[in-house]
Amino acid sequence: MISATAKVPSFNLSQVNQQLENAEASSIVEWSAETFGDGLVMSTSFGIQAAVMLHLVTRIVPKIPVIWVDTGYLPPETYKFAENLATRLELNLKVYQSTMSPARMEAIHGKLWEQDDVEAFNYYDRIRKVEPMQRALQELQATAWLAGLRRDQTSHREGLNRIDRQNDLYKIHPILDWNAKDIYLYLLKYDLPYHPFFDQGYVTVGDWHSSRPFTTDDHNARDTRFRGLKQECGLHLPQTKAEEESLNSSSL
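FYI, the numbering for the sequence shown is 913 to 1164, going by the numbering used here.
Put into structure tokens, the structure is as follows:
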């Protein structure tokens, strides 16, 4: 939910998507900054290719709040990678965690990731990821959220628009149409690092207990997450039935 004090710009979403359909990623970030001002935030997981979006956005909006949801189960390498990138790019980092500690969660619910059940994973994600993110958006009075989702990552993301609505705010995807080559060339151009797990065969990385290297048996990068039971962690999914219907209709 958006704070009552936050002012949300009003415009024709379909028309804006048509106008920005062929826009460069940097132009979309510029449009977002001009349109939403202090209401604009971005998120990062400090994953394999996180440096791309962090660099792309902060070159244009240096002090943008960067939300990082720390689940408490990230690999040590991720914390070190995050520390180095935050220093190098001078990030205005806003770290959020679940109100339930990992120890308390395990004592009450067990190790949810070991249950080989998609509902257990979904419950884990609601506790450790979705609730902290919703709290971050509320406290930062966000009206728009920049995210580095790409159409080639999951079936859900394939149907996204450059600009969508989620949880009563605007969701903006500057690199939606980028592919792996685009990512590589951007990292090379600006001498930016991959997450260290890339050299170990990972193509995506999240929590240590539910991420693994890519193998020849995998059909999609996201098969290496959540024991292959699902593709999304919940942060980028509609939170209500009405939002899901709105997203589906805007993608037609």
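Beta carbons are placed, not taken as given, at the ideal position from N, Cα and C, and that holds for glycine.
Test item: CB-CB of residue i and residue j under 8 Å
i     : j     : result
R1074 : N924  : no
R1124 : L1088 : no
G959  : T1116 : yes
A1048 : K1006 : yes
Y1008 : I1039 : no
Y1036 : W1025 : yes
Status (buried if at least 16 other CB within 10 Å, exposed otherwise) for residue i
i     : result
Q961  : buried
S944  : buried
H1107 : buried
S939  : exposed
Y1096 : exposed
Q1112 : exposed
T1128 : exposed
I1020 : exposed
L1100 : exposed
A1015 : exposed
E1157 : Interpretation of E1157 is limited by its pLDDT of 40, a score under 50 that renders its predicted location unreliable; no figure is taken from the coordinates.
Y1098 : buried
T1152 : Low confidence applies here, because T1152 scores a pLDDT of 42, under 50, leaving its location unreliable; read the following figure in that light. Under this definition T1152 is an exposed residue.
CA nearest to the CA of residue i, picked from the options
i     : options                       : result
A1059 : S922, Q931, H967 and D1037    : H967
R991  : M965, D1037 and D1119         : First, the residue type needs correcting, since residue 991 is Tyr and not Arg in the sequence shown. Out of M965, D1037 and D1119, D1119 has the C-alpha closest to the C-alpha of Y991.
V973  : L997, E1002 and N996          : E1002
H1131 : D1094, T1011, D1064 and L1072 : D1064
P1105 : Y1036, T1136, E989 and E946   : E989
T1011 : K1023, F1033, R971 and E1043  : E1043
K1023 : D1094, D1135, A994 and H1121  : H1121
Q1050 : A1032, E1031, N1079 and D1028 : N1079
A1165 : K1093, V1030, F1126 and I1084 : Coverage of the chain is limited to positions 913 through 1164, which leaves residue 1165 absent and any answer about it impossible.
T956  : A935, Q1027 and E995          : E995
R971  : V1030, R1000 and R1077        : R1000
Range covered by the alpha helix (DSSP H) that runs through residue i
i     : result
A935  : Premise fails: A935 is in no alpha helix (DSSP H) and is neither H nor E.
I1020 : P1014 to H1021
L1049 : E1043 to E1051
V969  : A962 to T970
Y1035 : V1030 to D1037
8 Å CB neighbourhood of residue i in its chain, flanking five on each side removed
i     : result
T1168 : Because the chain is modelled from 913 through 1164, residue 1168 falls outside the range shown and cannot be assessed.
L932  : S939, I940, W943, R1074 and I1075
N1091 : R1062 and D1064
Y1114 : I960, H1107, S1123, R1124, P1125, F1126 and T1136
N- and C-terminal bounds of the beta strand (DSSP E) containing residue i
i     : result
R1077 : I1075 to Q1078
I1087 : Run containing I1087: none; DSSP gives neither H nor E here.
A1167 : Residue numbering for the chain in the displayed model covers 913 to 1164; residue 1167 lies beyond these limits and cannot be assessed.
L1003 : Here L1003 belongs to no beta strand (DSSP E), and DSSP marks it neither H nor E.
V978  : P977 to V981
T956  : L952 to T956
Residues of its chain near residue i, where Cβ-Cβ distance is below 7 Å and the 5 sequence neighbours each way are ignored
i     : result
A998  : L1005
A1032 : L1024
F1242 : In the structure displayed, the chain extends from 913 to 1164; residue 1242 sits before or after that span and is not available.
Cβ-based neighbour list, residue i, same chain, cut-off 6 Å, excluding 5 preceding and 5 following
i    : result
M954 : V969, I976, V978 and L1058
P987 : W1120
M965 : G1060
Near the ligand MN: residue i beta-carbon under 7 Å from a heavy atom
i     : result
V1030 : By its list of ligands, the structure shown contains no ligand whatsoever, and the ligand MN lies outside what it can speak to.
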